[in-house]
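> Read top to bottom, the protein sequences are chains F and Z.
Read in our numbering, the first sequence has 144 at position 144, and its numbers run on one by one without any break.
Read in our numbering, the second sequence has 97 at position 97, and its numbers run on one by one without any break.
The following block contains the structure, expressed as structure tokens.
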Amino acid sequence: MSLFDIFSLAFRGIMMHKLRAFLTVLGIIFGIASVISMVAVSEGAKQEVIKQIEQLGVNNIFIRSKKPAVEVKQDSTSFIAKYGLRNEDVKHFSELFGSRLQTIALRNVKYPVHTLGNRVKVEAYAVNPPYFKLTNLELEGGRFFTDEDDNELSGYCVIGYDVAKKVFPVRDPLKCFVKIQDHAFKVIGVLKNKESMKTSTIQTFDVNETVFIPYKSWYNRMTPLTAFHDKGAGTYEYVEITELILSFDSSINILDVKDVISNYLEKSFPNKDYDMTIPYELLQQKKQAQKIFALVMISIASLALIVGGIGIMNIMLASVLERIKEIGTRRALGATKRLIRMQFLSESVCLSMIGGIIGIGIGVGLSFIISTIVQWQVIFTPLPIFAAFFISVIVGIVFGTYPAIKASNLDPIEALRSE
Amino acid sequence: MSTSQNTLISLEDVHKTYRLSWGELTVLKGVTLRINKGDFIAIMGPSGSGKSTLLNILGLLDKPSKGVYTLNGQNTTEFSDDELSRFRNKSIGFIFQYFNLFSQLTAIQNVEVPMEYAGVSRGDRKKRAAALLEKVGIGSRMDHKPTQLSGGEMQRVAIARSLSNNPSFLLADEPTGNLDEASGEKIVNVLKELSREGITIVVVTHNPLVAQQTHKIYRMKDGALLNTNVDVNGM
Ligand SMILES: Nc1ncnc2c1ncn2[C@@H]1O[C@H](COP(=O)(O)OP(=O)(O)OP(=O)(O)O)[C@@H](O)[C@H]1O
Ligand SMILES: [Mg+2]
Numbered sequence: 001m002s003l004f005d006i007f008s009l010a011f012r013g014i015m016m017h018k019l020r021a022f023l024t025v026l027g028i029i030f031g032i033a034s035v036i037s038m039v040a041v042s043e044g045a046k047q048e049v050i051k052q053i054e055q056l057g058v059n060n061i062f063i064r065s066k067k068p069a070v071e072v073k074q075d076s077t078s079f080i081a082k083y084g085l086r087n088e089d090v091k092h093f094s095e096l097f098g099s100r101l102q103t104i105a106l107r108n109v110k111y112p113v114h115t116l117g118n119r120v121k122v123e124a125y126a127v128n129p130p131y132f133k134l135t136n137l138e139l140e141g142g143r144f145f146t147d148e149d150d151n152e153l154s155g156y157c158v159i160g161y162d163v164a165k166k167v168f169p170v171r172d173p174l175k176c177f178v179k180i181q182d183h184a185f186k187v188i189g190v191l192k193n194k195e196s197m198k199t200s201t202i203q204t205f206d207v208n209e210t211v212f213i214p215y216k217s218w219y220n221r222m223t224p225l226t227a228f229h230d231k232g233a234g235t236y237e238y239v240e241i242t243e244l245i246l247s248f249d250s251s252i253n254i255l256d257v258k259d260v261i262s263n264y265l266e267k268s269f270p271n272k273d274y275d276m277t278i279p280y281e282l283l284q285q286k287k288q289a290q291k292i293f294a295l296v297m298i299s300i301a302s303l304a305l306i307v308g309g310i311g312i313m314n315i316m317l318a319s320v321l322e323r324i325k326e327i328g329t330r331r332a333l334g335a336t337k338r339l340i341r342m343q344f345l346s347e348s349v350c351l352s353m354i355g356g357i358i359g360i361g362i363g364v365g366l367s368f369i370i371s372t373i374v375q376w377q378v379i380f381t382p383l384p385i386f387a388a389f390f391i392s393v394i395v396g397i398v399f400g401t402y403p404a405i406k407a408s409n410l411d412p413i414e415a416l417r418s419e
Numbered sequence: 001m002s003t004s005q006n007t008l009i010s011l012e013d014v015h016k017t018y019r020l021s022w023g024e025l026t027v028l029k030g031v032t033l034r035i036n037k038g039d040f041i042a043i044m045g046p047s048g049s050g051k052s053t054l055l056n057i058l059g060l061l062d063k064p065s066k067g068v069y070t071l072n073g074q075n076t077t078e079f080s081d082d083e084l085s086r087f088r089n090k091s092i093g094f095i096f097q098y099f100n101l102f103s104q105l106t107a108i109q110n111v112e113v114p115m116e117y118a119g120v121s122r123g124d125r126k127k128r129a130a131a132l133l134e135k136v137g138i139g140s141r142m143d144h145k146p147t148q149l150s151g152g153e154m155q156r157v158a159i160a161r162s163l164s165n166n167p168s169f170l171l172a173d174e175p176t177g178n179l180d181e182a183s184g185e186k187i188v189n190v191l192k193e194l195s196r197e198g199i200t201i202v203v204v205t206h207n208p209l210v211a212q213q214t215h216k217i218y219r220m221k222d223g224a225l226l227n228t229n230v231d232v233n234g235m
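Okay, here's the thing in structure tokens:
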């Protein structure tokens, strides 16, 4: 008897009780559908997070100044809140690691930006010139400011794509100036549009919306002392660096240097007015978390599939009982035990396979629905889909074997005699 | 006993004993029987006398507890389950009192089943099944499900099915037991026609009118085949 004959026989058997078959495979359908959609959605989420972490750079360490919760260090005479990383820390790291480390300081200028006498809603950041190279930013026009520009304390700036669009919609930005406090900065470069580019751990930082000025120019012209005028009362902050990027070359293992750095920081900043972020570690943690998530999902899915499999076994046992006379007749007509086994086994495999296929279809549909709701992309890899199909076949075999053996071991005469 | 060229089936001192909780029940008590090729015989006897048990043994569905069953010169006692299945498939045609058609299959599909087991190709199966249904007179009902057929028609489908692998003999256990007189008569006529074509047939029946159509009538009583072979046609 050919495999085609066996499966068409199995299919006819299933079609005898369509509703019953459908109810039976619901367990498999839900099990498979949930696996497929969970894998697709979580894969999408994972890729999103990994992309963001990798954009930060796995060879980098980010140290961000943080305003201490309790301002113990507030100067009682001048009301200056002084906190965060200082240039002397940068010097310490440079001496410690030499040419294998590049340091890049960022300072949120925090003063309003003006052009042509109007205030514009963009932020200004003072950065060391290597920032542009490190973050792979590209120019739409003009040039970046260089170390020489910085050393000469030139009044240059580079503006983000959206800044150029917003502030200079008609004029050529490269002929214009922006003004911060009393200081004028000539626009010498406009950045290309960078879609959701993450170059900093500062949440609100968006290169498209930023005016970049050279760090030393800022340091010398505006000084790290920032004054806020809040309802007449003046408060002051002294912060040298908002965020420091330590960019190591590839000969250095981030995990080897991270303890040296955190030990130094712990000693130097007893107030804990800093945050250290290690993208490499985040990536590892994320991957680890993903593994655990996958394991949990597999366990849940296995439970659903086992329940589904038991449902199939149950219905197959009922089917064997119902069809004892048919089995007896088939044996009389010359079916071997093996053929009877095959008949019932292929029926349960058919059932679970149909469940698997419907489940895959529903899972894919569900993923797209979820993806439009949560607004992140879903990713289908062929592996889970093939695995789901394969597993549903296995479930059919595992849970169909016992009923099939039971059917094949029936005594032909007793089977024929039954009603 | 010597077996002549013509002997198809030979039973020698066949016993069948069932072991039950309260002891043993011997249903066949030493049956000796020879059936030649082309024979058309009837077995009659009261209910519970062991006719079906004997037929099951002849059909290789059951094994004697004691005694020898020789089929076509081959001792069947040593056959494995697979060999028994193959013999049932290729050499024996079964006709049942309750027809035993597969309700989910059409008439023609029912006739195909034994050929599927024999590995006959799809095309040949269809052709032969159609020819057999034509032969038993229900060529116009090939695609009907059993529920759409009368009892007599169902039994004719079953006969077509029993013939599908060109068996050496047919075993029919009360084939007319569930039919009215007219339908039963048609079935008997089909069997007679088949016998005329040379096929060996054993019919168990309670109906003397059916038995009379055969060549020989055996009587069973209390597990023994009585030696009063009635040679109906004086053969
Ligand atoms: N598996 C079994 N276990 C115990 N006793 C059995 C078994 N099968 C049959 N018998 C007994 O064997 C005896 C003969 O049964 P069998 O079916 O051969 O009778 P029969 O001549 O065909 O009767 P009927 O004309 O009613 O069909 C009966 O008494 C029956 O109860
Ligand atoms: Mg009987």
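In this text, a Cβ means the ideal position worked out from N, Cα and C, and glycines have one as well.
Only a predicted model underlies this, so the values are computations on that prediction, with no experimental measurement involved.
Following a CB-centred definition, is T53 of chain Z positioned closer than 6 Å to any heavy atom of ligand 1?
Yes, ligand 1 has a heavy atom inside 6 Å of this Cβ.
> Where does the unbroken beta strand (DSSP E) through R19 of chain Z begin, and where does it stop?
R19 of chain Z -> beta strand (DSSP E) spans T7 to L20.
> Tell me whether the segment 92-104 of chain F and the segment 157-172 of chain F touch, counting them as touching only if at least three CB pairs, one residue from each stretch, are closer than 8 Å.
Contact fails: fewer than three Cβ-Cβ distances are below 8 Å.
> Nearest by alpha-carbon distance to L441 of chain F: which of F:P129, F:D182 and F:G189 is it?
There is simply no residue 441 of chain F to check, as chain F begins at 1 and stops at 419 in what is shown.
> In the segment 143-175 of chain Z, which residues sit with their C-beta less than 8 Å from some C-beta in chain F, listed in chain order?
Those would be R161 and N165, in chain order.
> Is K216 of chain F near L153 of chain F, with beta carbons less than 7 Å apart?
Yes. Within cutoff.
> Jot down the residue ranges of each uninterrupted alpha helix (DSSP H) in the segment 92-174 of chain Z, minimum 4 residues, whole runs only, in chain order.
List check, alpha helix (DSSP H) in window: 107-118, 122-135 and 151-162.
> I'd like the span of the beta strand (DSSP E) that includes G23 of chain Z, first residue to last.
G23 to N36 is the span of the beta strand (DSSP E), which, as asked, contains G23 of chain Z.
> Grouping DSSP H, G and I as helix and E and B as strand, with all else coil, what is C176 of chain F?
C176 of chain F falls in the coil class under three-state DSSP.
> When DSSP labels each residue in this structure, what does I252 of chain F get in the three-state scheme?
Here I252 of chain F sits in coil by DSSP.
> Tell me whether G123 of chain Z, by its Cβ, gets closer than 6 Å to a heavy atom of ligand 1.
No, the Cβ of G123 of chain Z stays beyond 6 Å of every heavy atom of ligand 1.
> Please list, in chain order, the residues of the segment 323-341 of chain F that have any C-beta partner in chain Z closer than 9 Å.
Going along the segment 323-341 of chain F in chain order, one finds K325, E326, G328, T329, R330, R331, A332, L333, G334, A335, T336, K337, R338 and L339 with a Cβ nearer than 9 Å to chain Z.
> Leaving out the 5 sequence neighbours to the left and right, which residues in its chain are closer than 8 Å to S367 of chain F when beta-carbon positions are compared?
Counting only Cβ-Cβ distances below 8 Å, and skipping sequence neighbours, we find I36, S37, A40, V41, V378 and F380.
> Consult DSSP for G48 of chain Z and reduce its assignment to one of helix, strand or coil.
Residue state, collapsed to three classes: coil.
> In this structure, does DSSP put R219 of chain Z in helix, strand or coil?
Strand, per DSSP.
> Going along chain A in order, which residues have a C-beta closer than 7 Å to the C-beta of I413 of chain F?
Annotation note: the requested chain A is absent from the structure, which comprises protein chains F and Z.
> May I have a chain-ordered list of the beta strand (DSSP E) segments no shorter than 3 residues that lie completely inside the segment 209-274 of chain F?
Taking only runs of at least 3 residues, the beta strand (DSSP E) segments lying wholly in the segment 209-274 of chain F are 210-214, 225-230, 233-238 and 243-248.
> If you measure between the beta carbons of I199 of chain Z and Q155 of chain Z, is that distance less than 7 Å?
No; because the gap between Cβ atoms is not below 7 Å, this pair is not in contact.
> Roughly how many angstroms lie between the CA atoms of L345 of chain F and A211 of chain Z, to the nearest whole one?
Their backbone Cα atoms lie some 43 Å apart in a straight line.
> Since A335 of chain F and S85 of chain Z are thought to touch, with beta carbons under 8 Å apart, how far apart are those beta carbons, to the nearest angstrom?
About 7 Å separates the two Cβ atoms, so the contact holds.
> For a contact meaning CB atoms closer than 9 Å, what does M16 of chain F contact in chain Z?
What M16 of chain F touches in chain Z: S103 and Q104.
> Just to confirm the assignment, what range does the beta strand (DSSP E) spanning F62 of chain F have?
It spans N60 to S65 - the beta strand (DSSP E) in which F62 of chain F sits, taken as one unbroken run.
> Helix, strand or coil, according to DSSP, for E419 of chain F in the structure here?
If DSSP states are grouped into helix, strand and coil, E419 of chain F belongs with coil.
> Does at least one heavy atom of ligand 1 sit under 6 Å from the Cβ of Y18 of chain Z?
Yes; taking the cut-off as 6 Å, the Cβ of Y18 of chain Z has a heavy atom of ligand 1 nearer than that.
> Under 7 Å between the Cβ atoms of P114 of chain Z and L333 of chain F?
Yes, these two residues count as a Cβ contact at 7 Å.
> Taking G50 of chain Z as the query, report the chain F residues whose CB atoms sit under 8 Å from its CB, ordered along the chain.
What G50 of chain Z touches in chain F: nothing, since even the nearest Cβ is about 13 Å away.
> Please check if any C-beta of chain Z sits within less than 7 Å of the C-beta of M316 of chain F.
No, its Cβ sits nowhere closer than 7 Å to a Cβ of chain Z.
> What are the boundary residues of the alpha helix (DSSP H) that includes V109 of chain F?
Neither: V109 of chain F is in no alpha helix (DSSP H) and is coded neither H nor E.
> Can you look up I32 of chain F in the DSSP assignment and give me helix, strand or coil?
Residue state, collapsed to three classes: helix.
> Given a threshold of 16 other Cβ atoms within 10 Å of its Cβ, counted over all protein chains shown, does K216 of chain Z qualify as buried or as exposed?
Its Cβ being crowded by 16 or more others within 10 Å, K216 of chain Z is buried.
> S195 of chain Z versus chain F: which residues are under 7 Å apart at the beta carbon?
By Cβ distance, chain F contributes nothing, its closest Cβ being about 21 Å from S195 of chain Z, past 7 Å.
> Show which residues of chain F have a CB atom less than 9 Å away from the CB atom of L117 of chain Z.
Here residue 117 of chain Z turns out to be Tyr, not Leu, going by the sequence shown. Residues of chain F passing the Cβ test: M1, R330, L333, G334, A335, T336 and L339.
> What residues match up with F380 of chain F in a beta bridge as DSSP calls it?
Note: F380 of chain F sits in no beta bridge, so no partner.
> Do three or more CB pairs link the segment 12-22 of chain F to the segment 117-130 of chain Z at distances below 8 Å?
No, the segment 12-22 of chain F is not in contact with the segment 117-130 of chain Z.
> By DSSP, does T199 of chain F sit in helix, in strand, or in coil?
It is coil, neither helix nor strand.
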